[in-house]
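Below is one structure, written out as structure tokens; comments come after it.
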Amino acid sequence: MTLIKQENHQEGFPEPGLANLTNPGNESYEIIKTINLTKRFPLVLALDHINFDLRKGEIHALLGENGAGKTTLSECLYGYYQPDEGEIYYKGKKVILSSPRSAISLGIGMVHQHFVLIRSHSVLENILLGTRHKGFRIDVSKAKSKFEILCKDYGLDINPDSLISQLSVGQQQWVEILRSIYEGIEVLILDEPTAVLTPQETNDLFQVLGRMKNKGLSIIFITHKLKEVNQIADRITILRKGKHIVTLNNNEISEKKLAYMMVGREFSIAPPKNEFQSREPPIVELSDICAFNDQKVLALNHISLGLRPNEILGIAGVSGNGQKELFEVLIGIRGKKTGSIGVKGKKVLKSSPSIIMSLGVGSVPEDRFQEGLIPNFTISENLILGFQDSPAYRIGLFFLNYQAIDNYAKQCISDFEIVANSPQQQIQTLSGGNIQRVILARELSQNPDCLIANQPTRGLDVGAVEYIHKRLLELRDQGAAILLISEDLDEILALSDRIAVMYRGEILKNFAPGEQTIEEIGLMMAGIRPDV
Amino acid sequence: MPIRFEKRQHVGRLRQLAAIGIALATSLLITAILVYAAGADVTAAFASLYQGAIGDKTALINTLIVTTPILLTSEAAVLAFRGNIWNIGLEGQLYAGAMFAYWIYASTNGIPAGFYPLIIILGGFIGGGILGFIPGILKSKFQVDVIISTVMLNYVIAYFLDFLLGSSWRVPGSFYYQTALIDEKADLPLLINNPPLHMGFLVALIMAGAVYIILKWSRFGYKIRAIGENPRASLFKGINAARTITIALILSGGVAGLAGAIELFGLRHRLRSDLSPGFGWTGMMIAMLAGRDPIIAIPAALFFGALENGSLKMQITTGVPTSLVDVLQALVVFLILGSQVIANYRLRRVAYEH
Amino acid sequence: MNINAFLQTAILINILASTLRISTPLLLASMGELVTERSGVWNMGCEGTVLMGAFTSFLVTNKTGSLIMGTLAAIVAGGLMGLIMVTLATTLKLDQTVIGMTLNLFASGLTVFWYTIAFKVGGAQSYPSIATAEVVKIPFLSKIPFIGEVFFSQKLLTYFAFLLVPAIWYLLYRTWLGLEIRSLGEYPRAVDMRGLHVNRLQYFSVLFGGMLVGLAGSFLTLGSSDLFIPNMSAGRGWLAIVIIIAGNWQPYRILLVTLIFAFLDALQLQIQGVGVQFPYQFLLALPYIFAILVMMSSRARSNAPGWLSTPYNRED
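Chains as they are written, first to last, in this note's numbering: chain A, 308 to 839; chain B, 43 to 396; chain C, 3 to 318.
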């Protein structure tokens, strides 16, 4: 572990905030620079020879879709991940960041998208945890006065003794930021900081960031929202699928150009012809649904949707804008929601998942392993998950008819072209594509009237993707209503009869594929409301 | 320290067996050391242990007698543990079963002798089942942790029994806290007279089979296994966890209660506070050792029973205290569980240090 | 029941003094286990650790004649039990409940075995006793009528146990180490992300807790009974776990709950001694019923460490 020590970092308490910095307003230089930075994970190349630089005193936006590599790059700069290839330079000297602690001692701080705060502890306790200290005892009064000075510097009003659970999400964000700058930093990395903020809170944040920048702080600002980039960034770097696409100055960009580069579509895919222009009443109807996520933040904001027979409704949007909660609401596992949900006319807002299933609603969850199946169970056993009480699989009152189940499994294996030795094979030995076929087989065999699919082809090879698309289209043609939630815009465009773009828990627009251009869709995904 | 455990991708059968082998060998070694520390001859100790356990027909039958209650409690544990339902209340449920069966016996008159086995079995099952039902409801309605409520009830039932044994159930005029000797007509029929292997052993075997059938073949068993393996996916697919947990606890408690009733009416014939020298705890250990498998639990229970039985002869012959076997049982659990983890993982030098 | 006799000061003093005495091992064990639990490990082997402490202190005091050596032995024994727990739970990530239960059984068997082989006179089993610790009367204060006899005529370990409460409070809430331990139990990822040593903290907490629990055991022999009896921990380790729950993981509440439970115990002893016809077993069962009731109220569970009993994996 080599670590270049900062010569002018004193031992003991550094000055609060940013006073360690050399003269702001001096000629700017590259405070951070990466050359050929590469990071591989078991299934994906997250960073592909990235050359990136951050100038002193600038706000540099990192833009891109999910999986583009923005967070991975930042985690490498923060020492949480170690790159496989490439180099990082800090203030001109090569450094190896072996842990967040090394990054912090250099003066690099990071605020993550998902806060790492301890909800039952106070603001002060969260800020103090892990800071350098002398001695055994916490000098609470000294810490509090330092905290108050920081707050005053940036016009913040937070009570150090409040518990995190008592604060609003915006305030929690501030605590995370204060935590980073408490020990004195020169570089601050913010990962999607406005994801959970109201517009007003976002403005406050930008004001304070502006003040910090004037004091010489260099900021990396990760986002997928174009409007903000325009507002605050000095330079913008766009990443796509782990590659560096372009770096531009603020005055060189337009929103349209950005959206295009982010989304990277060169052509429009013509959707297949759908003979049944569905005008039937929806089988599933969501009205005015509001729901909270696990962090008690509003995730669905008065959503209304209708799922009609013979129609695939595609939900486009960057992950994290409420799709997960939408899925969970539809299958009945997200409590605490308001509004109304109707399935075939029945009100099911308060219904359990089994009731919703019994009404003919099938689902394909996002996470195959955690949410879709039981890893140690056989293929047969997974094929009846949720349907184990059905008379078709029963002998008498209590017992399962494994012969019938195995026959059913064999049928599925052949119908869905699952590559497996036998129905008794343990499902975890199957490949990803085959596992998804099993899940699809399970749902489709029930002849659902409605199917909710969340990222059904994530991580699958081309062949599997094609197959799943084929089956979905067949299902639609047979009269089912399908809700397709996907980050993959190609997929949405290829399959959907109607598209709805989701952003921050709202549906921005609901339209047929031909009615909007790719760029317009990209803009909506990035939060630019369409001119209605 | 810059090492940590990393899960292997594939664990070969051979590696797993080797791990178990090493664990068993280590336990033998430690046992030998303890025997030596006890000042006894190691070979003589092991020989007498073996003799006492399965050396002759009498020993073998005694082993079966000793195995009966712990086979039942281990099956009770297996049933619950497969759903990750931590029923730590087997001791209490065992007593509850014995108490309920006894209460029926004591409060009724003129029952034809042939009906007693049925009453004992039903009484034991219901008594234990009630004590399993309580934590189930507490979990479903109030989210009370199953571990805590089951442990607490162990104590509550123990004190309740103590109270009854000191008052209305006490042998009239006696100083001791115990019931009168149970009438012969209520005793469980014997399969073999000497040593007194009673019908309970068959019941235990049948229960083992029942648990196996429930887990593998029943809808309910499917649900227990599902919520044990992946509670989230089970939730997504509409399996009602609260109901499954409650029913599992009733059944598990029932089987444990059966152990208590059978031990009382089959072997001990008098209800006292020391009816169980820890059958519930031993049952849990057996269940963990058997990997929560109802069939493997049978030889595992026999193994523990053989050790318990053989230890008596070992003490008589070589003076090594029977408590050695208790130590050995705990060690075997630690070593085997630990060895499997080690087989599944490997040490890896980490590139960096925190 | 003769109210007058009951209210006689001597009896009342007896009950109150007994309350403090009975509280001693409970306080020590619950303070120790509290530190362990606040770091996120649920050491169900608490009962076995108390037993090991009781036995080792008895053994060493008997062989060396020194109370101090015996006390140290109990502390070391408790630490070793904690070491087993944390190694299996944190490094090997075995299930904490299973480890705890097995530890209890291990301790139960080992103590009986060791006792049997350690105390033989000419081949026959002997049952030796030890000279227990003396009551240490605080000068001047112990002369105060009533109060002096109740509060200031106790054994050394009792004073220590009560002083331990504010000490542990201070450790947990006013020191850096305490902040780190509590954070570990609430959200290990937060501790890890700030560059702190998760494993070191974990090992320390469980070991420290184990040592205090072992010390609790030593009081049962060195401070109370002069004999060692199999399983003499008699549920006190489990009671400590119950007390922590009923006290909502907070030191001063734990003190209060301990005093209540100890009082009930002292009361039922007195009642038994007096020969009153009262189901004293009900009093003994009260703490456990109370714990269940506490757990049923959702407010009460609000302070359980958020990551209790769940192992931490950085990859998760």
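A virtual CB, placed ideally from N, CA and C, is assigned to each residue, including glycine.
Query raised in the report: For residue 493 (chain A), does the three-state DSSP call read helix, strand or coil?
Result: Three-state DSSP puts residue 493 (chain A) in coil, outside helix and strand.
Query raised in the report: By the criterion of Cβ-Cβ separation under 9 Å, what are the contact partners of residue 368 (chain B) in chain C?
Result: In chain order, 107, 108, 110, 111, 112, 114 and 115 make up the part of chain C whose C-beta sits under 9 Å from the C-beta of residue 368 (chain B).
**Report entry** Which of helix, strand or coil DSSP assigns to residue 426 (chain A)
**Finding:** Assigned with DSSP and collapsed to three states, residue 426 (chain A) falls in coil, not helix or strand.
Query raised in the report: From residue 751 (chain A) to residue 668 (chain A), what does the alpha carbon distance come to, in whole angstroms?
Result: C-alpha of residue 751 (chain A) to C-alpha of residue 668 (chain A): approximately 10 Å in a straight line.
Query raised in the report: Using a Cβ-Cβ distance under 8 Å, would residue 251 (chain B) count as near chain A?
Result: Not one chain A Cβ lies under 8 Å of residue 251 (chain B).
Report task. Compute the distance between the beta-carbons of residue 31 (chain C) and residue 264 (chain C), then report whether it is under 8 Å. Result -> Against a cut-off of 8 Å, the Cβ pair of residue 264 (chain C) and residue 31 (chain C) comes out as no contact.
Query raised in the report: So, helix, strand or coil for residue 359 (chain A), using DSSP?
Result: Residue 359 (chain A): strand per DSSP, three-state reduction.
Report task. Compare the C-beta of residue 588 (chain A) against all C-beta atoms of chain B and say whether one is closer than 8 Å. Result -> Using a Cβ-Cβ cut-off of 8 Å, residue 588 (chain A) does not count as an interface residue toward chain B, since no Cβ of chain B sits closer than that to its own.
Query - residue 134 (chain C) - DSSP class collapsed to helix/strand/coil - result: Note: residue 134 (chain C) maps to coil in three-state DSSP.
**Report entry** Within-8 Å CB hit, residue 117 (chain B) to chain A
**Finding:** At a cut-off of 8 Å, the C-beta of residue 117 (chain B) has no neighbouring C-beta in chain A.
Query raised in the report: So is residue 677 (chain A) in contact with chain B if we call contact Cβ pairs under 8 Å?
Result: Closer than 8 Å: yes.
Query raised in the report: Which one of B:349, B:350, B:373 and B:297 has the shortest CA to CA distance from residue 172 (chain B)?
Result: It is B:297 whose Cα lies nearest to the Cα of residue 172 (chain B).
**Report entry** Straight-line gap, residue 313 (chain C) to residue 48 (chain C) (C-alpha atoms, nearest Å)
**Finding:** If I take the Cα positions, the gap works out to 19 Å.
Report task. Check the Cβ-Cβ distances between residue 99 (chain B) and every residue of chain A, and say whether any is below 8 Å. Result -> Not one chain A Cβ lies under 8 Å of residue 99 (chain B).
Query - Residues of its chain near residue 362 (chain B), where Cβ-Cβ distance is below 6 Å and the 5 sequence neighbours each way are ignored - result: Exclusion of the five residues before and after residue 362 (chain B) leaves 77, 80, 82, 87 and 356 as the residues of its chain whose Cβ lies within less than 6 Å of its Cβ.
Query - Euclidean distance between Cα positions of residue 339 (chain B) and residue 252 (chain B) - result: Each residue's alpha carbon lies about 13 Å from the other.
Query raised in the report: In three-state DSSP terms, what is residue 95 (chain C)?
Result: Coil at residue 95 (chain C), not helix or strand.
Query raised in the report: Which term fits residue 399 (chain A), buried or exposed, when burial requires 16 or more other beta carbons within 10 angstroms of its beta carbon?
Result: Looking at its Cβ environment, which holds fewer than 16 other Cβ atoms inside 10 Å, residue 399 (chain A) is exposed.
Query raised in the report: Can you name, in chain order, every residue of its own chain whose Cβ lies under 7 Å from the Cβ of residue 307 (chain C), other than the five neighbours on each side?
Result: 39, 40, 42, 187, 188 and 251, listed in sequence order.
Query raised in the report: Which class does residue 367 (chain A) belong to by DSSP, given the choice of helix, strand or coil?
Result: Residue 367 (chain A) falls in the strand class under three-state DSSP.
Query raised in the report: Hey, is the segment 352 to 371 of chain A in contact with the segment 774 to 782 of chain A, meaning 3+ C-beta pairs nearer than 8 Å?
Result: As far as the Cβ criterion goes, the segment 352 to 371 of chain A does not touch the segment 774 to 782 of chain A, which means the pair count is below three.
Requested in this report: Name, in chain order, the residues that DSSP records as bridge partners for residue 809 (chain A).
Outcome: Answer is A:814.
Query raised in the report: Count the other CB atoms within 10 Å of the CB of residue 206 (chain C); is the residue buried (16 or more) or exposed (fewer)?
Result: Result: buried.
Report task. List the whole-angstrom C-beta distance separating residue 875 (chain A) from residue 800 (chain A), where the pair is believed to meet the contact cut-off of C-beta under 8 Å. Result -> Absent from the structure is residue 875 (chain A), since the part of chain A shown begins at 308 and ends at 839.
Requested in this report: Residues of the segment 188 to 200 of chain C with a CB closer than 8 Å to any CB of chain A: list them in chain order, please.
Outcome: Only those residues of the segment 188 to 200 of chain C whose C-beta falls short of 8 Å from the nearest C-beta of chain A are listed: 188, 189, 191, 192, 193, 195, 196, 197 and 198.
Requested in this report: Please look up how many angstroms separate the CB atoms of residue 121 (chain B) and residue 256 (chain B), rounded, as I've assumed it's under 8 Å.
Outcome: Right, the Cβ-Cβ distance comes to about 7 Å (below 8 Å), so this counts as a contact.
**Report entry** CB-CB length for residue 136 (chain B) against residue 105 (chain B), believed under 8 Å
**Finding:** Contact between residue 136 (chain B) and residue 105 (chain B) does not hold, since their C-beta atoms are separated by about 20 Å, which reaches or exceeds 8 Å.
Report task. Determine which residues of the segment 174 to 188 of chain B have a Cβ less than 8 Å from any Cβ of chain C, and write them out in chain order. Result -> Flagged, chain order: 180, 184, 185, 186 and 187.
Requested in this report: Count the other C-beta atoms from every protein chain shown that fall within 10 angstroms of the C-beta of residue 249 (chain C), then say buried if there are 16 or more, exposed otherwise.
Outcome: Buried: at least 16 other Cβ atoms inside 10 Å.
Requested in this report: For residue 153 (chain B), name the three-state secondary structure that DSSP assigns.
Outcome: Assignment of residue 153 (chain B) by DSSP, reduced to helix, strand and coil, places it in the coil class.
Query raised in the report: By how many angstroms is the C-alpha of residue 376 (chain B) removed from the C-alpha of residue 93 (chain C)?
Result: Roughly 14 Å between the two C-alpha positions.
Report task. Give me the Cβ distance between residue 83 (chain C) and residue 237 (chain C), rounded to the nearest whole Å; I'm assuming they're in contact under 8 Å. Result -> With a Cβ gap of about 17 Å, residue 83 (chain C) and residue 237 (chain C) do not count as contacting.
Query raised in the report: Which chain A residues are close to residue 182 (chain C), counting only those with a beta carbon under 9 Å from its beta carbon?
Result: Those within 9 Å of residue 182 (chain C) in chain A are 436 and 437.
Query raised in the report: What does DSSP give as the partner residues of residue 156 (chain C) in its beta bridges?
Result: DSSP lists C:138 as partners of residue 156 (chain C).
Query raised in the report: Do the segment 275 to 291 of chain C and the segment 194 to 205 of chain B make contact, defined as three or more Cβ pairs closer than 8 Å?
Result: The segment 275 to 291 of chain C is in contact with the segment 194 to 205 of chain B.
Query raised in the report: At a Cβ threshold of 8 Å, is residue 346 (chain B) touching chain C?
Result: Output row for residue 346 (chain B): interface = no.
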